[in-house]
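Going down the list, the sequences are from chains U and W. The numbering of the first sequence is this note's numbering, which starts it at 1 and goes up by one. The numbering of the second sequence is this note's numbering, which starts it at 367 and goes up by one. Don't be surprised by glycine CBs; every beta carbon is placed ideally from N, CA and C. The structure presented is a predicted model; accordingly, all values stated were derived computationally and were not measured.
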Amino acid sequence: MYSVKTLLNQYLRFIITAFGIALCVILMLFLLAVYKGAADGAVQYIKSNDADIWVMQNNANNILRNTSFISSNLNRTLSEIDGVKSVSSILFLLASVKTGDHPASIYLAGYDPKSVKGRPPMIIRGRNIEKDNEIVLDNSFAAKYRIKTGDRIVIKRDTLIVTGLSTGTNLFVLQYGFVTLRKAREMLGFPGYVSVYLIDTSEGGKISEVVKSIFDKIPGIAVYDNLTFLENNSYEMKSGVLPILFVVAFIGGVILTAILSLILSVYVLERRQDYAIMKAIGSPSGFITWMVVEQALILAGSGMFLAFIMFFPLLNLVGKISPEVTAESSASQLIIVSVSLIVISLISSIIPALKLRRIYPLEVFY
Amino acid sequence: MDNSIAQMSSVSKIYQRSGVETRALHNVTFEAHPGELVLILGPSGSGKTTFLTLLAGLQRPTTGDVLMFGKNVNKYSDKELQMLRARRIGFIFQTFYLLDSLTSFENIMLIMKFSGLDKTTASKRAEELLDRFGVKHLKNALPKTLSQGEKQRIAVARALANGAELILADEPTGSLATQQGMIIISFLKEIIKSENKCVIISSHDERIKSSADRVIQLSDGEII
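Shown next, in the form of structure tokens:
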């Protein structure tokens, strides 16, 4: 009763504080959503290919931050191994797309259009590539540089027609583009290489046995089952760029704690006389301390409510302004932030509660 | 005496600030009983407020014994003293000290919350007190909208809300016009009569003298 009334007594300050808390909460929610979006987006391409086995250059263990060049002659050798049903190859290379004044980097995946492996996870506009002079671009990349299907873009010396736009192909700092394997080799300038082989095993065949057979037959290469390869790539993404998002979210939480603590301390000091009166007339010490905690929770709750209202429209807005930012919110993120906010409220009550202890009931008599 | 509510025996209180000793009370012996109005009279700085705060258990004597409800205050824990103030002692202040963000009704309810009274009983009692002091119509009024006299009536109602046996009033008429002041004193007299409570008033207001059952004159911390 007293907590609410004291807060609402200065409703403008209450609104500004709640709004400030809401912005911090939105920052935390946004960073978590970007984290999830980037972490999921980074492995979506691998997931969608659903290969049983991935073969790479020796010591390479992921496609995100490793270079892998492996001879294209191994295709036949791999196909002849017992238990191998099909072999597909992809060549990855970084390339620059001419976009206005500044070139934009794109992570090109060259694959055989006749194969089911190596394709973009989902085409949301247009169609897949069929010819060497065609390209499919990541949707957010295309949106950022205002490229539409049917447009022509220049990569190195080649002019390619954009036939489609894909999703699930945003690596957070880089986006995928898809060309034919032949075109990718031509751009690389070394025709006899691929980056990875994707192998499907025969039905009933044991993947571990096929992996062992590949090692036996072709020494000096890296071979992974699909799950291990997914984990490798996921780890690479999470341990690379993404921890910075958590650091920023943590800093946001610390700032929020400081702001809340400061505001609550101001309320305590402004209401010093009230607290002294309450102590004099017999208020239990826990009652007064709880009032500060209650104020912290009310402020945090109001901020959280505002944040939840504003977050999703803001997320859409960010998507429009910066299409390359893939943010994916989930119920678990909302729960994490809500719990964090409760913890922040409790922590931020500590200093004001200590200030309360230094308010003496005798103050009202002198 | 056995039935004394508050007792002081050779009580002295010395404050120490920056190494300088200030004697607020010296060798004071006193007792108060149910059904009497005791006036502690004295000029500013005579030790009246120290006298009152010692009886409230808000501070402890330097020497001597203060007995509250038959028990030495030094033997009460802080928690017990808090309970004592919440349940058995009522306070009236010179400047009323109503919480300005709460309505009249809520100000009265708050003390009953401290004393552990259930909400329904407390609410009923608050209504009765507002009615008794003629301020029922001000139930939802905030203190800032009330006159000085109205504020003091609410403050008296608050002091009685917890069923206190001892009412400690610090300059209760200090902020009131003569007529309003005398109305408050008559309220207190009526309470003493009807509920057998003990009221101890500290004041420099000589006009209260005639209403008091006993007058204790303080000067420089000593009873004269």
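According to the DSSP assignment, K379/W belongs to the beta strand (DSSP E) that extends over 372-383. Per DSSP, the beta-bridge partners of F178/U are A109/U, V136/U. With its beta carbon less than 9 angstroms from one in chain U, F457/W belongs to the interface. Where V432/W is concerned, the enclosing beta strand (DSSP E) starts and stops at 429-434. Nearest CB-CB separation between F480/W and chain U: below the 9 angstroms threshold. The way I'd put it, the stretch 51-71 of chain U does touch the stretch 215-227 of chain U; three or more beta-carbon pairs between them come closer than 8 angstroms. Cβ contact annotation for E397/W (same chain, cutoff 6 angstroms, sequence separation greater than five): S370, Q373, in chain order. Relative to G529/W, the option among I474/W, N506/W, S568/W whose CA is nearest is I474/W. Taking the C-beta atoms as reference points, D200/U is found no nearer than 9 angstroms to Y176/U. Relative to the Cα of A18/U, the nearest Cα in the group K320/U, E363/U, L341/U, D274/U belongs to L341/U.
Note: W54/U is bridge-paired with L198/U, Y224/U in the DSSP secondary-structure output. Between T257/U and the set C24/U, Y267/U, L317/U, the nearest pair of CA atoms involves C24/U.
With fewer than 16 other beta carbons inside 10 angstroms of its own, S560/W counts as exposed. For V339/U, no Cβ of chain W is located within less than 9 angstroms of the residue's own Cβ.
Burial is judged here by how many other beta carbons sit within 10 angstroms of a residue's own beta carbon; S345/U has at least 16 and is buried.
With respect to the 9 angstroms criterion, H570/W and S410/W are classified as neighbours on the basis of their beta carbons.
In the displayed model, M1/U falls within coil according to three-state DSSP, outside both helix and strand. Y197/U and L78/U do touch by the CB rule: their CB atoms are close to 6 angstroms apart, below 8 angstroms. With a cutoff of 9 angstroms on beta-carbon distance, G118/U and I155/U are scored as not near each other. Residue S349/U holds the alpha-carbon nearest to the alpha-carbon of I263/U among E186/U, S349/U, K98/U, I135/U.
Here R358/U is not bridged, per DSSP, to any residue. With the rule of 3 Cβ pairs closer than 8 angstroms, the stretch 496-516 of chain W counts as touching the stretch 456-466 of chain W. Around S376/W, the same chain offers N393, V394, T395, T429, G430, D431 as residues with beta carbons nearer than 8 angstroms, after the five sequence neighbours per side are excluded. Between A452/W and P284/U, the CB-CB gap stays under 9 angstroms.
Secondary-structure assignment with DSSP links P103/U through a beta bridge to K98/U. For R146/U, the three-state secondary structure derived from DSSP is coil.
According to the DSSP assignment, R152/U belongs to the beta strand (DSSP E) that extends over 152-155. For A33/U, no beta strand (DSSP E) run applies; the uninterrupted alpha helix (DSSP H) run containing it begins and ends at 11-49, by DSSP.
The beta-carbon distance between I557/W and L534/W, rounded to whole angstroms, is 13 angstroms. This is too long to meet the 8 angstroms contact definition.
Distances from the alpha-carbon of Y107/U to those of F178/U, I277/U, S195/U, M237/U put F178/U closest. Contact residues of the stretch 165-181 of chain U toward chain W are absent (C-beta to C-beta distance below 8 angstroms).
For Q518/W, the closest Cβ of chain U is not nearer than 9 angstroms. V4/U is positioned such that its CB atom lies no closer than 9 angstroms to that of T326/U. Bounds of any alpha helix (DSSP H) do not take in D536/W; it lies within the beta strand (DSSP E) bounded by 532-536. For M1/U, the chain W residues whose Cβ falls inside 9 angstroms of its Cβ are L468, E472, M475, L476, K479, in order along the chain.
Beta-bridge pairing by DSSP links E397/W to Q373/W.
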